[in-house]
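Presented below is the structure to which this report refers.
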Amino acid sequence: MVRVGHLGLDGELLAFARSEILLEQLFASLRDSPAATAPQTVGEPWIEPAVGRYLHLDIAGLPHRLYFEEAGPADGVPLLCLHTAGADGRQYRGVLNDPQVTRSHRVIVFDMPWHGKSSPPPGFETSDYKLTTDLYTEMIMAVVRALKLDRPIVMGCSIGGRAVMHLALRHGEAFRAAIGLQSSAAPDPGKVGKLYELAATWRLDVHGGEASAGSVACLMAPDAPAADRWETLWHYMTGGPGIFYGDVHYYSVEGLMTDAEAEALRDSPCPIYMLTGDYDLSATPALSQALAERIRPAHFEVMHGLGHFPMSESPERFLSYLRPVLDKIAAG
Numbered sequence: 000m001v002r003v004g005h006l007g008l009d010g011e012l013l014a015f016a017r018s019e020i021l022l023e024q025l026f027a028s029l030r031d032s033p034a035a036t037a038p039q040t041v042g043e044p045w046i047e048p049a050v051g052r053y054l055h056l057d058i059a060g061l062p063h064r065l066y067f068e069e070a071g072p073a074d075g076v077p078l079l080c081l082h083t084a085g086a087d088g089r090q091y092r093g094v095l096n097d098p099q100v101t102r103s104h105r106v107i108v109f110d111m112p113w114h115g116k117s118s119p120p121p122g123f124e125t126s127d128y129k130l131t132t133d134l135y136t137e138m139i140m141a142v143v144r145a146l147k148l149d150r151p152i153v154m155g156c157s158i159g160g161r162a163v164m165h166l167a168l169r170h171g172e173a174f175r176a177a178i179g180l181q182s183s184a185a186p187d188p189g190k191v192g193k194l195y196e197l198a199a200t201w202r203l204d205v206h207g208g209e210a211s212a213g214s215v216a217c218l219m220a221p222d223a224p225a226a227d228r229w230e231t232l233w234h235y236m237t238g239g240p241g242i243f244y245g246d247v248h249y250y251s252v253e254g255l256m257t258d259a260e261a262e263a264l265r266d267s268p269c270p271i272y273m274l275t276g277d278y279d280l281s282a283t284p285a286l287s288q289a290l291a292e293r294i295r296p297a298h299f300e301v302m303h304g305l306g307h308f309p310m311s312e313s314p315e316r317f318l319s320y321l322r323p324v325l326d327k328i329a330a331g
């Protein structure tokens, strides 16, 4: 059985995993949704301000070629953005292209190794990918050092929303502030746990990309723009084999935050800000609220009409919540 809210599905879980993207669209067709609109044409061609580069650095004793994009002034306040499990930095295109943010911030988004345009390290063919707290925090700190970022703001979503908490706990003095999107000490144990146990996104008899997209389709707000929702799903459809599964190891198993760790964040020199979409079955508002009550952040807010991927499923709506938080951080 897979249980999400008040909906229960009985049957063969493997068959469900194979067909989930189709089933999610079937369920979505049963509810009222915004009327479809024809795509707007570009008109005069234009180029986005973000610039992409490759960074060569060592992470956990292995050489890596890491892809990152940035926008904004070189002397702006660094805003380092962490993408979600199984996806990549394309999720932050709205932040990179927002002139109100890039006026005073140097926005930096990197693809984690094995994700997006960042290849795995040499020898990956003989190893399995599993993200851990130590590896994740070491990776982020390696990027901070390599780019010589002076007390950046770090913002992460989902696994990144957990990682910013671990960074504030372990390296709080290195950051100006931490912004947790869809942060929780642990995910809701519903569907994600069942599919993780089955390894549904990493099997020879299941299309991993479609299974990954299907497993997250229900986490986005139904009234989010269709083009943005489907682009978010495309990020998951194009992920490498086993990568989403390896990231969820951190999210659901190894990287869970204990009560003691959460309460220790009260003494972190890094102020914490939390933004949580109200349409999320994984990092629910209740779970984020429970974490906020333990850590007592500088700011906690529920974002209405947003789900598990606020920055990519509805960029403009997300920015209306992010900009005031950045203003608060700037004001000290």
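Per numbering that gives the first Met the number 0, numbering of the sequence shown is gapless, rising by one per residue and ending at 331. Every residue gets a Cβ at the ideal spot worked out from N, C-alpha and C, and that includes glycine. This one's a predicted model, so the numbers in the text were calculated from it and none came from an experiment.
Discussion item. Does residue 285 pass the burial test, meaning 16 or more other C-beta atoms within 10 Å, or should it be called exposed?
Written reply: exposed
Worksheet item: Taking the alpha helix (DSSP H) that residue 320 falls in, what are its first and last residues?
Response: 314 to 330
Discussion item. Once DSSP output is grouped into helix, strand and coil, what is the label at residue 105?
Written reply: strand
Practice prompt. Look up residue 51 in the DSSP assignment and give the residues it is bridged to.
Written response: 68
Fill in: Span separating the alpha-carbon of residue 117 from that of residue 95
19 Å
Discussion item. Tell me which residues share the same chain as residue 59 and place their Cβ nearer than 7 Å to its Cβ, disregarding the 5 neighbours each side in the sequence.
Written reply: 134, 137
Worksheet item: For the putative contact between residue 132 and residue 262, defined by C-beta atoms under 8 Å, what is the C-beta separation to the nearest angstrom?
Response: Contact doesn't hold; Cβ gap of about 17 Å is too wide.
Fill in: Close beta carbons around residue 78, own chain, < 6 Å, minus the five adjacent residues each side
104, 106, 152
Practice prompt. Could you pull out every residue in the same chain whose Cβ sits closer than 7 Å to the Cβ of residue 297, ignoring the five residues on either side in sequence?
Written response: 270, 271, 272
Worksheet item: Taking all protein chains shown into account, do 16 or more other C-beta atoms lie within 10 angstroms of the C-beta of residue 0, making it buried, or fewer, making it exposed?
Response: Note that residue 0 has pLDDT 32, beneath the 50 cutoff, so the model's placement of it is unreliable and no number is given.
Practice prompt. Pick out the complete alpha helix (DSSP H) segments inside the segment 246 to 286, 4 residues or longer, and give them in chain order.
Written response: 258 to 263
Item to complete: Write down every uninterrupted run of the beta strand (DSSP E) in the segment 96 to 181 whose length is 3 residues or greater and which is fully enclosed by it, in chain order.
Response: 104 to 109, 152 to 156, 176 to 180
Discussion item. By DSSP's criteria, residue 82 is part of a beta bridge. Which residues make up the other side?
Written reply: According to DSSP, which records beta bridges pairwise, residue 82 is partnered with nothing at all.
Item to complete: Pair every Cβ in the segment 307 to 317 with every Cβ in the segment 226 to 244, then say whether three or more of these pairs are closer than 8 Å.
Response: yes
Worksheet item: Is there contact between the segment 150 to 165 and the segment 78 to 94, where contact requires at least three CB pairs shorter than 8 Å?
Response: yes
Worksheet item: If you count every other CB in all the chains shown that lies within 10 Å of the CB of residue 24, and 16 or more means buried, which is it?
Response: exposed
Discussion item. According to DSSP, simplified to helix, strand and coil, what is residue 219?
Written reply: coil
Discussion item. Using 7 Å as the threshold, is the C-beta distance between residue 115 and residue 88 below it?
Written reply: yes
Worksheet item: Which residues bound the beta strand (DSSP E) around residue 300?
Response: 298 to 302
Practice prompt. Answer with buried or exposed for residue 307, where buried requires no fewer than 16 other C-beta atoms within 10 angstroms of its C-beta.
Written response: buried
Discussion item. Is the beta carbon of residue 322 closer than 7 Å to that of residue 99?
Written reply: yes
Worksheet item: Rounded to whole angstroms, how far is the Cβ of residue 213 from the Cβ of residue 68, which I believe are closer than 8 Å?
Response: Not really, about 28 Å apart at Cβ, beyond 8 Å.
Item to complete: Specify, as a first and last residue, the run of the alpha helix (DSSP H) that residue 43 falls within.
Response: Careful: residue 43 lies outside any alpha helix (DSSP H) and carries neither H nor E.
Item to complete: Starting from residue 234, trace the alpha helix (DSSP H) both ways and give me its first and last residue.
Response: 225 to 236
Practice prompt. Drop a sphere of 10 angstroms on the beta-carbon of residue 113, count the other beta-carbons inside from all chains shown, and report buried for 16 or more, exposed for fewer.
Written response: buried
Worksheet item: Nearest CA to the CA of residue 249: which residue from 43, 327, 128?
Response: 128
Worksheet item: For residue 305, which of helix, strand or coil comes out of DSSP?
Response: coil
Worksheet entry | Cutoff 8 Å; reference residue 315; Cβ partners in own chain excluding five residues on either side | 93
Discussion item. Does residue 205 come out as helix, strand or coil in the three-state DSSP assignment?
Written reply: coil
Worksheet entry | Top-ranked residue by Cα proximity to residue 266, from 244, 245, 295 | 295
Worksheet item: Alpha carbon to alpha carbon, how far is residue 287 from residue 183?
Response: 5 Å
Worksheet item: Cα separation between residue 329 and residue 175?
Response: 9 Å
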